[in-house]
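Visitor:
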Amino acid sequence: MEATSKNIRNLTLNELEAFFQEQGEQRYRSRQVYDWLWKKNIRSFDQMTDLSLKVRDLLKQHFSLNAIEINSTQKSEDKTIKMSFRLFDGHIIEGVLIPSGNRMTACISSQVGCNLACKFCATGMIRYIRNLFFDEIFDQVAIINETALKEYGFPLSNIVYMGMGEPLLNYHNVLKSTEKISSEDGMGMSPQRVTVSTVGIAPMIRQLGNDKVRFNLALSLHSAIDEKRNQIIPYNLRNSLADLVDAVKYFHQQTHSRITIEYVMLKGFNDTITDARALATFCKNFPVKVNLIQYNPVENSPYEDSGKERTEAFKEFLDKLNMVVNIRRSRGKDIDAACGQLANKIINRKI
Ligand code: SAH
93 MEATSKNIRN
103 LTLNELEAFF
113 QEQGEQRYRS
123 RQVYDWLWKK
133 NIRSFDQMTD
143 LSLKVRDLLK
153 QHFSLNAIEI
163 NSTQKSEDKT
173 IKMSFRLFDG
183 HIIEGVLIPS
193 GNRMTACISS
203 QVGCNLACKF
213 CATGMIRYIR
223 NLFFDEIFDQ
233 VAIINETALK
243 EYGFPLSNIV
253 YMGMGEPLLN
263 YHNVLKSTEK
273 ISSEDGMGMS
283 PQRVTVSTVG
293 IAPMIRQLGN
303 DKVRFNLALS
313 LHSAIDEKRN
323 QIIPYNLRNS
333 LADLVDAVKY
343 FHQQTHSRIT
353 IEYVMLKGFN
363 DTITDARALA
373 TFCKNFPVKV
383 NLIQYNPVEN
393 SPYEDSGKER
403 TEAFKEFLDK
413 LNMVVNIRRS
423 RGKDIDAACG
433 QLANKIINRK
443 I
């Protein structure tokens, strides 16, 4: 992709310094520019107001700045805010701000579309277009943070990679974005406040272990029985639950971190005591926290939410085994901002 070959945000501070030296400019300019890019999150060279017009022109001649732009904003009755963003090549992605209690959580996308085709997820029904670049992932966080401050007076406390796409199929950019979010050069946020969610790509989970990442890992399990998981998550045919157990065990050995298990409650499909027992067996392999997620209706999907009673019975079974289990209420449903509902309703449709 041509426009990004000279993307200024692909340069390290040292490379920027070298550039200014080559151009016969002062080296300290590089620090100024770097702060504009990563701390002040400007979206055009003209916003670098402490640089002379000449220096700004020099930058414009040599580099592009592929910042994302807000395309639309919708606010839910429950204060959740869904934003859609336009990328430099015109594609649209979505991100969500979820205020709850003393938390301000940003839910961000890692790909334009998704090719996993999970049967219960709206994003799975739109076509995969491309991976996001690391700076596009970072921009979502920066813009949602600005929105949190403006609308609610608080900065982000948590970031979850639970928007559109599969983060571990865009490994390099996702990792680089988490580094920028945590780095003092970027947002300076503790990696413990960042969660990357995956459908379960076994080799990449091992890679996370090798890279000794410090953020949290969430696994979208939804069934601990292969025949059932195959039906709702086609990717399970590529790596089975046994492969996943091995990979997550390895991840845990390397990082010592607890795994979050996400489990969408689908009435009559994965919510019986047999399912709960299988889940408990799966979870014996490493320390976990289980989130039981209310299913959000998605067009053309045959599933229905389990409802309060069945979900509580399921939880009770797991509670008795001393497992850590939470029931997650859905947020932003009225504006299609809830889990699995991000689908750019008009744009990017398959048909
Ligand atoms: N691809 C990654 C990141 C997406 S996270 C992953 O699979 O983890 C989005 C989370 O919402 C996942 O746990 C996903 O399984 C869940 N989800 C998808 N559709 C949903 C729906 N209709 N209702 C509730 N949760 C859903």
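If you use our numbering, the sequence shown closes out at 443, no skipped numbers anywhere. Glycine residues also receive a C-beta, built at the ideal position from the N, C-alpha and C atoms.
1) Among E117, D277, G205, which residue has its Cα nearest to the Cα of I221?
2) Could you check where the alpha helix (DSSP H) with F526 kicks off and where it finishes?
3) Report whether the distance from the Cβ of P326 to the nearest heavy atom of ligand 1 is below 7 Å.
4) As a quick exercise: from F212, D397, S249, Y126, pick the residue whose alpha carbon is nearest that of R285.
5) Are M256 and L145 close, meaning C-beta to C-beta below 8 Å?
6) Is any heavy atom in ligand 1 found nearer than 7 Å to the beta carbon of V233?
7) Could you please give the first and the last residue of the uninterrupted alpha helix (DSSP H) stretch that includes R123?
8) What does the Cβ neighbour count give for T104, buried or exposed, with the cut at 16 atoms within 10 Å?
9) Out of P259, N388, K407, L224, state which residue places its alpha-carbon closest to the alpha-carbon of A214.
10) Identify whether K381 lies in helix, strand or coil by the three-state DSSP scheme.
11) Using the Cβ count rule (16 or more neighbours within 10 Å means buried), how would you classify L413?
12) Would you mind giving the Cβ-Cβ distance between D227 and L267, rounded to the nearest angstrom? I have them listed as a contact below 8 Å.
13) Where does N237 sit, in a helix, a strand or coil, going by DSSP?
14) What do you get for P466, buried or exposed, if any count of 16 or more other CB atoms within 10 angstroms of its CB means buried?
15) So, helix, strand or coil for I353, using DSSP?
16) Whose C-alpha, out of L358, K132, K152, is nearest the C-alpha of N99?
17) Quick one: what's got a C-beta closer than 8 Å to K425's C-beta in the same chain, skipping five residues either side?
18) Output needed for V448: all residues of its chain with C-beta closer than 7 Å, excluding positions within five of it in sequence on either side, in chain order.
19) Let me know the secondary structure DSSP gives G187 once reduced to three states.
20) Given this structure, state the Cα-to-Cα distance separating E354 from R135, to the nearest angstrom.
21) Which two residues bound the contiguous beta strand (DSSP E) that contains L80?
22) Do the CB positions of S312 and V291 come within less than 8 Å of each other?
23) Ligand 1 and L300: does the residue's C-beta get closer than 7 Å to at least one heavy atom of that ligand?
Guide: This is what the structure gives:
1) Cα-wise, what sits closest to I221 is G205.
2) Residue 526 lies beyond the stretch modelled for the chain, which goes from 93 to 443, so this question has no answer here.
3) P326: no, Cβ never under 7 Å from ligand 1.
4) Closest by C-alpha distance to R285, out of F212, D397, S249, Y126, is S249.
5) Against a cut-off of 8 Å, the Cβ pair of L145 and M256 comes out as no contact.
6) Not a single heavy atom of ligand 1 lies less than 7 Å from the C-beta of V233.
7) 120 to 130 is the span of the alpha helix (DSSP H), which, as asked, contains R123.
8) Exposed: under 16 other Cβ atoms inside 10 Å.
9) Closest in C-alpha terms to A214, from the list P259, N388, K407, L224, comes N388.
10) Strand, per DSSP.
11) Using a 10 angstroms sphere on the CB of L413, the tally of other CB atoms stays under 16, which defines it as exposed.
12) Not quite, the Cβ-Cβ distance comes to about 13 Å (not below 8 Å), so this is no contact.
13) Looking at N237 - three-state DSSP - the assignment turns out to be helix.
14) The question about residue 466 has no answer, for the chain in this structure spans 93 to 443.
15) Reduced to three states, the DSSP call for I353 is strand.
16) Taking only the C-alpha atoms, the option nearest N99 is K152.
17) Excluding sequence neighbours, K425 sits near S168, N388, Q433.
18) With the chain running from 93 to 443 in the structure shown, residue 448 is simply not present.
19) Reduced to three states, the DSSP call for G187 is strand.
20) Going by the C-alpha atoms only, they are around 35 Å apart.
21) Since the first residue of the chain shown is 93 and the last is 443, residue 80 is not available in this structure.
22) Going by C-beta atoms, S312 is nearer than 8 Å to V291.
23) With a cutoff of 7 Å, L300 does not count as near ligand 1, since its C-beta is closer than that to no heavy atom of the ligand.
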